[in-house]
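Novice: One structure is given below, represented as structure tokens, and several questions about it will come after.
Residue numbers (full-length UniProt numbering): 1 to 156.
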């Protein structure tokens, strides 16, 4: 005895339903809303740290050049006289090194530093580096003895 049953649709359906897709989209939106502000602060604090390290390195380089040459070496805000965009090391009218910062996304305050041939400076100088959109910053200090230090700074 043979049974003739109607052929069944034995194909499996695969894919997502519209409701499943909407749930995933909503979850991604919620996670992005929470994560993006934290990520932006992370990026900005890294930029502040990078600019701080460049400034400390530049000041140390200027001091070593002053000691090596036995003459004055100056670190200044560069041709546009704006620390926010960069700074340079000058020796005898020549630019030894030019450093760009973050293209104006930082607020950097400070004044020119001149290292004499003995490695000492003419005055104590303090730089403050703050990100545009956060309270995180750093402070770089140059003593008259030529010592360069940096520490965290609250920009609020």
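Note that beta-carbon positions come from the ideal geometry of N, C-alpha and C, so glycine has one too. Quantities reported herein were computed from a predicted structural model and do not represent experimental measurements.
Cβ-heavy atom distance between residue 29 and the ligand MN below 8 Å?
Specialist: The ligand MN is not part of the structure shown, which contains no ligands of any sort.
Novice: Whose CA, out of 94, 52 and 99, lies closest to the CA of residue 88?
Specialist: Of the listed residues, the one whose Cα sits closest to residue 88 is 99.
Novice: Which partner residues of residue 114 appear in the DSSP bridge assignment?
Specialist: Answer is 74, bridged to residue 114.
Novice: Once the 5 residues before and after residue 139 are set aside, which same chain residues still bring their CB inside 8 Å of it?
Specialist: Result list for residue 139: 126, 127, 128, 129, 150, 151, 152 and 153, in chain order.
Novice: Our contact map puts residue 90 next to residue 74 with C-beta atoms below 8 Å; I'd like the distance itself, whole angstroms only.
Specialist: About 5 Å; that satisfies the 8 Å criterion.
Novice: When we look at the beta-carbon of residue 71 and count the other beta-carbons within 10 Å, is it buried (16 or more) or exposed?
Specialist: By the 10 Å Cβ count, residue 71 comes out exposed.
Novice: List the whole-angstrom C-beta distance separating residue 44 from residue 134, where the pair is believed to meet the contact cut-off of C-beta under 8 Å.
Specialist: Their Cβ separation, rounded to whole angstroms, is 5 Å, which keeps residue 44 and residue 134 in contact under 8 Å.
Novice: Closest by CA to residue 132, which one among 36, 20, 48 and 38?
Specialist: Ranking 36, 20, 48 and 38 by Cα distance to residue 132 puts 48 first.
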